[in-house]
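Take a look at the structure below.
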Amino acid sequence: MAPAAPTNAPARIVQVGASGFGRVHRERIAAAQQRGEAELVAVVDPFVGALDGPDAGVPLLGTLPEALQTSGRVDVVSIAAPIAEHAELATLALQAGADVLLEKPPVAVWADFERLLELQRSTGRLVQVGFQSLATDGADLLGSDALGLGTLQQVGAVGLWLRTLGYWSRSPWAGRRTLDGRPVVDGVVTNPLAHAVATALAVVGCRRAEDVAEVEVELFRANAIDADDTSVVRVRTAAGDVVTCALTLCSPVQQDPWVEVVGEHGRARYLYTEDRIEVTTADGTRTAAVTRTDPLANLLAARRGEAELMVPLVSTGAFMRVMDAVGRTTPAPIPASGVRWVGEGADRHPEVEQVDHWAQEAVRQGRTFTELGVPWARAGATTA
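For the sequence shown, my numbering assigns the number 8 to the initial residue and increments by one for each residue that follows.
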């Protein structure tokens, strides 16, 4: 194992995943290089023929072991790869003595989370998880009553997104629960709208696994996929709070997702993708700005001893309890009578009947779709 770099030296980084969200990682590494904080020494991606932009001269390799063996000292491995590969890639990086930036969700199954957390602790390395909405002060502003809402009475999240058939055909693992015998657990709760769940939980201080008392999930699918595309998650925390999240990828119109917070003195809507909170009290409605921190920049600062990790692996334990419940539950198909199909070809997409209304009602009342008596919902899709 190569010796650790001095904390004031530019961190030598290997990026796993060149396209998709991997491109965002590469852009952030390039910005860190401009600040003199990092050096990209290799990119790993077996499906990309060549790199473009400022990375054009960086070695492009097929596997992480190859990159670790040929790149000299590696300080950080940044991972933006298919979910099923997260556990193995992060394990290899930690065993090589590197710190890790790991895209969300951290891993696919609970057992892998426990193993990875134990390895991280035993190696003493840092693992930052790419929940970008948690790398902000938004959840703390809402949870600490900095916005004047008083004691929180209700917290939840609403996600109303639209995804076409092209979305589900973009990769072999999209919409799969398993692929080639390996867990994937790719659905609305665990991937595209995972931030909504994790952020709502964080508002009430529910971040670690031990902060969760009970998880209920109700999973449905309008698409011909293995995973869920329209679901409700209800979490009871160890502190006695209840957090309800209603999420769909079958909305008639794409909307920015939000975390809904009701307090004794008013309510707030946290539009976490826009980094703003709309606060309504007796004094009127105002907007509060949210400060976002680049997860890579924060990891590099933590390596230098200048900051604490904003999203350490252990702090994603509560979300992994949700992911575990989703992975153990088979989504129920929504009857054809409850779905309207719109568009042609790869742009064709389902619209679930009144899903926007029912999702907001689920969060407002803290109830699941079946408890609300939604016509297209079927009982038997829940688990504790």
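Glycine residues also receive a C-beta, built at the ideal position from the N, C-alpha and C atoms. Remember, it's a predicted structure, so these values are computed and weren't measured experimentally.
Sequence-distant residues of its chain with Cβ nearer than 6 Å to residue i (five each side left out)
i	result
P89	W180
L67	V50 and L58
A245	D218 and A220
V162	A207, V210, V211, V250 and V268
R170	L256
G194	A234 and D235
G387	Annotation note: pLDDT 48 at G387 (below 50); position unreliable, coordinate value reported separately. There are no such residues.
P10	Interpretation of P10 is limited by its pLDDT of 38, a score under 50 that renders its predicted location unreliable; the figure taken from the coordinates is listed afterwards. Nothing meets the Cβ criterion.
R293	V286
V385	The question names Val, but residue 385 in the sequence shown is Arg. The answer, listed in chain order, is A339.
A25	V50, D52 and V55
L226	D235, S238, T336, P338 and A388
D119	A94
P259	E358
Nearest-angstrom beta carbon gap, residue j and residue i [assumed within contact, 8 Å]
i	j	result
V84	V21	5 Å
R299	T287	Wrong, their Cβ atoms sit about 23 Å apart, outside the cutoff.
R283	W265	Contact flag wrong, Cβ pair sits at about 10 Å.
A423	R214	Any answer about residue 423 is impossible in this case: the structure gives the chain only from 8 up to 391.
V136	V370	Rounded, the Cβ-Cβ distance is 25 Å, inconsistent with contact.
W175	D331	No, W175 and D331 are not in contact; Cβ-Cβ is about 23 Å, not under 8 Å.
P112	N198	7 Å
T375	V239	5 Å
L101	R132	5 Å
V346	V359	6 Å
V333	V224	5 Å
F28	T323	Their Cβ separation, rounded to whole angstroms, is 17 Å, which puts F28 and T323 out of contact at 8 Å.
L108	L306	6 Å
V196	V329	7 Å
E73	A87	Not really, about 18 Å apart at Cβ, beyond 8 Å.
L148	L154	6 Å
P357	N230	6 Å
V297	T70	With 8 Å as the limit, V297 and T70 do not qualify as a contact, their Cβ atoms being about 38 Å apart.
L172	R355	5 Å
D263	T280	5 Å
R33	D62	6 Å
A216	M327	7 Å
Residues of its chain near residue i, where Cβ-Cβ distance is below 8 Å and the 5 sequence neighbours each way are ignored
i	result
A12	At A12 the pLDDT is 46, less than 50, meaning the model places this residue with poor confidence and gives no usable figure here.
T98	R122, L123 and L126
I36	I20, Q22, A45, L47, S85 and L303
G373	Q161, G163, R241, V249 and T251
A289	H272 and G273
E315	A309
V65	L47, V48, A49, V50 and L58
L379	W365, E368, A369 and Q372
A353	T171, L172, G173 and S176
Counterpart residues of residue i in DSSP-defined beta bridges
i	result
Q22	V50 and S85
H364	Looking at the DSSP assignment, H364 forms no beta bridge with any residue, so it has no partner.
W265	V165
E285	R276 and T294
H32	H32 is not bridged to any residue.
W348	P357
A45	A18
R339	A small fix is needed here, since residue 339 is Ala in this sequence, not Arg. Bridge partners of A339: F227.
A253	V165 and V239
T244	V219
P319	Q135
G270	L159 and G273
R371	According to DSSP, R371 bridges with nothing at all.
L71	Answer is none; L71 lacks a bridge partner.
R299	T143
Own chain residues within Cβ distance below 7 Å of residue i, not counting five before or after
i	result
P340	R228
M8	Only weak support is given to the placement of M8: the predicted model assigns it a pLDDT of 41, under 50, and the question is left unresolved by the model.
V191	I90, A91, A115, W180, R183, R184 and T185
G270	L156, G157, T158, L159 and Q160
A146	T206, A209 and V210
D301	R35
Q40	E46 and L47
heavy atom of the ligand HEM below 7 Å from residue i C-beta
i	result
V83	Among the components of this structure there are no ligands whatsoever, and the ligand HEM is therefore not found.
Cutoff 8 Å: residue i Cβ touching any chain D Cβ
i	result
W175	Absent from the structure is chain D; it holds one protein chain and no more.
- Query: How do the segment 154-170 and the segment 248-261 stand: do at least 3 beta-carbon pairs fall below 8 Å, yes or no?
  - Reply: Short answer: they touch.
inquiry  = To test your reading of the DSSP string, which unbroken alpha helix (DSSP H) runs of 4 or more residues are found completely within the segment 175-228?
reply    = Listed in chain order, the alpha helix (DSSP H) runs fully inside the segment 175-228 are 201-210, counting runs of at least 4 residues.
In chain order, which beta strand (DSSP E) runs of at least 3 residues are fully inside the segment 88-150? Unbroken beta strand (DSSP E) stretches of 3 residues or longer found wholly inside the segment 88-150: 106-109 and 134-136, given in chain order.
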